[in-house]
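Undergrad: So for the sequence shown, the working numbering puts the first residue at 19; every next one is plus one. Even for Gly, the Cβ is constructed at its ideal location relative to N, Cα and C. The structure that follows is given in the form of structure tokens.
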Amino acid sequence: MKPLPRPGLLAAIIASLPVVLIAAWVAGPFRPPHQASFNPADLSSTERAQLAEAVLTIAEAPQETMEEARKRAWEILRPHRVEPAAVRRGLEPIFLKIGQGPRLFWTDAQQAIAEHRPVKSAARTQWEAELMGDGWLTLAHQRRYDEFMDRLARDEPIESTHGMDIAVDRRMADAIRSSLDEDELRRAVAELLTPPQ
């Protein structure tokens with residue numbers, strides 16, 4: 019038979035209960051710890067499409083769109099409870115691939131404006147097919163790019179990232195294409211994958 023605890027020890031345990039209960043109440047409900055690895059396949063199709071939209075936005079105009087895009091991206095990523103470093107390792111290669119879209123589009127647009135016909139290169143076709151197959155790009159993304167290309171080929175204005183319609187001539191298309199730098203894309207993706215404070 020086990021000996022009963024000493025009266026002084028039992029009193030100390032009972033006295034400490036309110037402290038333990040208060041600490042548990044302050045800490046709030048139990049939350050699982052952050053995971054050390056991240057599998058992009060754990061994202062829903064809606065989350066993927068929204069993240070792809072954020073990447074496409076910052077790939078074209080990082081200074082103007084980064085703050086809002088990063089806020090939206092982390093509203094999606096935070097509930098997955100994954101360490102930011104693991105998120106970056108898991109998503110950076112995919113985000114860099116998604117970010118190639120504007121450069122491919124504006125390369126085709128240069129030719130479309132010069133020849134007055136829509137252009138979709140083999141490189142852009144493959145980019146779309148791979149990302150749509152993996153659930154990152156949607157038919158809505160594809161249709162929007164195709165509609166922009168048709169409008170450019172007909173010398174009609176397109177909507178800018180600022181929400182205004184702008185007419186794009188060959189010189190402007192060349193300038194937009196030249197501004198889409200690989201190093202700038204890497205910096206923008208790294209910033210997007212850094213949680214806002």
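In the DSSP assignment, find the unbroken alpha helix (DSSP H) run with residue 174 in it and report its ends.
TA: Walking along the sequence shown from the start, residue 174 turns up at place 156. No alpha helix (DSSP H) holds residue 174; DSSP gives it neither H nor E.
Undergrad: On a Cα-Cα basis, can you pick out the residue from 100, 66, 135 that is closest to residue 116?
TA: Here residue 116 refers to the residue found at position 98 of the sequence shown. Checking every option, the nearest Cα to that of residue 116 belongs to 66.
Undergrad: Looking at the C-beta of residue 97, does it have a partner C-beta in chain B at a distance below 8 Å?
TA: In the displayed structure, chain B is absent; only one protein chain is listed.
Undergrad: Is it buried or exposed, residue 30, if we count other Cβ atoms within 10 angstroms and call 16 or more buried?
TA: As a first step, residue 30 is located in the sequence shown; it is residue number 12 there, counting from the start. With a pLDDT of 47 at residue 30, under the threshold of 50, the modelled position of that residue is not reliable, and the figure given next carries that caveat. With fewer than 16 Cβ atoms within 10 Å of its Cβ, residue 30 is classed as exposed.
Undergrad: Using the rule of at least 16 other Cβ atoms within 10 Å of the residue's Cβ for burial, across every protein chain shown, is residue 35 buried or exposed?
TA: The residue labelled residue 35 in the question sits at position 17 within the sequence shown. Because the pLDDT at residue 35 is just 45, under 50, the model does not fix this residue reliably, and the value given afterwards should be weighed accordingly. So residue 35 ends up on the exposed side.
Undergrad: My assumption, with CB atoms under 8 Å, is that residue 63 sits in contact with residue 153. Please give the rounded CB distance.
TA: Position 45 of the sequence shown, counted from the first residue, corresponds to residue 63. Position 135 of the sequence shown, counted from the first residue, corresponds to residue 153. Contact flag correct, Cβ pair sits at about 5 Å.
Undergrad: Can you have a look at residue 71 and say buried or exposed, based on whether 16 or more other CB atoms are within 10 angstroms of its CB?
TA: Residue numbering aside, residue 71 sits at position 53 when the sequence shown is read from its first letter. Looking at its Cβ environment, which holds 16 or more other Cβ atoms inside 10 Å, residue 71 is buried.
Undergrad: Which of helix, strand or coil does DSSP assign to residue 100?
TA: Taking the first residue of the sequence shown as 1, we reach residue 100 at position 82. Three-state DSSP puts residue 100 in a strand.
Undergrad: Inspect the CB distances between the region 122-130 and the region 160-171 and report whether three or more fall short of 8 Å.
TA: Because the criterion of three Cβ pairs below 8 Å is met, the region 122-130 and the region 160-171 touch.
Undergrad: Going by the beta-carbon positions, is the gap between residue 106 and residue 203 smaller than 8 Å?
TA: The residue labelled residue 106 in the question sits at position 88 within the sequence shown. The residue labelled residue 203 in the question sits at position 185 within the sequence shown. Cβ atoms of residue 106 and residue 203: not closer than 8 Å.
Undergrad: Alpha carbon to alpha carbon, how far is residue 59 from residue 77? Give it in angstroms, no decimals.
TA: Residue numbering aside, residue 77 sits at position 59 when the sequence shown is read from its first letter. Residue numbering aside, residue 59 sits at position 41 when the sequence shown is read from its first letter. Each residue's Cα considered, the two are about 23 Å apart.
Undergrad: Could you pull the start and end residues of the alpha helix (DSSP H) that residue 188 belongs to?
TA: Position 170 of the sequence shown, counting from 1, holds the residue named residue 188. Segment 188-197, the alpha helix (DSSP H) holding residue 188.
Undergrad: Can you tell me whether residue 152 is helix, strand or coil according to DSSP?
TA: For the purposes of this step, residue 152 is taken as residue 134 along the sequence shown, with counting starting at 1. Coil, per DSSP.
Undergrad: For residue 186, which residues in the same chain have their Cβ closer than 8 Å to its Cβ, ignoring the five residues on either side in sequence?
TA: Here residue 186 refers to the residue found at position 168 of the sequence shown. Once the five neighbours on either side are set aside, the close Cβ partners of residue 186 are 127, 131, 170, 175, 176, 194.
Undergrad: To the nearest angstrom, report how far apart residue 68 and residue 134 are at their CA atoms.
TA: Stepping through the sequence shown from its first residue, residue 68 is reached at position 50. Stepping through the sequence shown from its first residue, residue 134 is reached at position 116. Approximately 32 Å, taken between the alpha carbons.
Undergrad: Looking only at its chain, what residues have a beta carbon closer than 8 Å to the beta carbon of residue 192, apart from the 5 residues adjacent to it on each side?
TA: Start at 1 with the first residue of the sequence shown, and residue 192 comes out as number 174. Result list for residue 192: 128, in chain order.
Undergrad: Where does the unbroken alpha helix (DSSP H) through residue 95 begin, and where does it stop?
TA: Within the sequence shown, the letter at position 77 stands for residue 95. Residue 95 -> alpha helix (DSSP H) spans 80-95.
Undergrad: Do you know whose CA, among 214, 215, 207, lies nearest residue 75's CA?
TA: Taking the sequence shown and counting its residues from 1, one reaches residue 75 at position 57. Residue 207 is the option with its Cα nearest to residue 75.
Undergrad: The alpha helix (DSSP H) with residue 208 in it runs from where to where?
TA: As a first step, residue 208 is located in the sequence shown; it is residue number 190 there, counting from the start. Unbroken alpha helix (DSSP H) run through residue 208: 200-210.
Undergrad: Counting C-beta neighbours from all protein chains within 10 Å, is the total for residue 157 16 or more, i.e. buried, or is it exposed?
TA: Position 139 of the sequence shown holds residue 157. Burial call: exposed.
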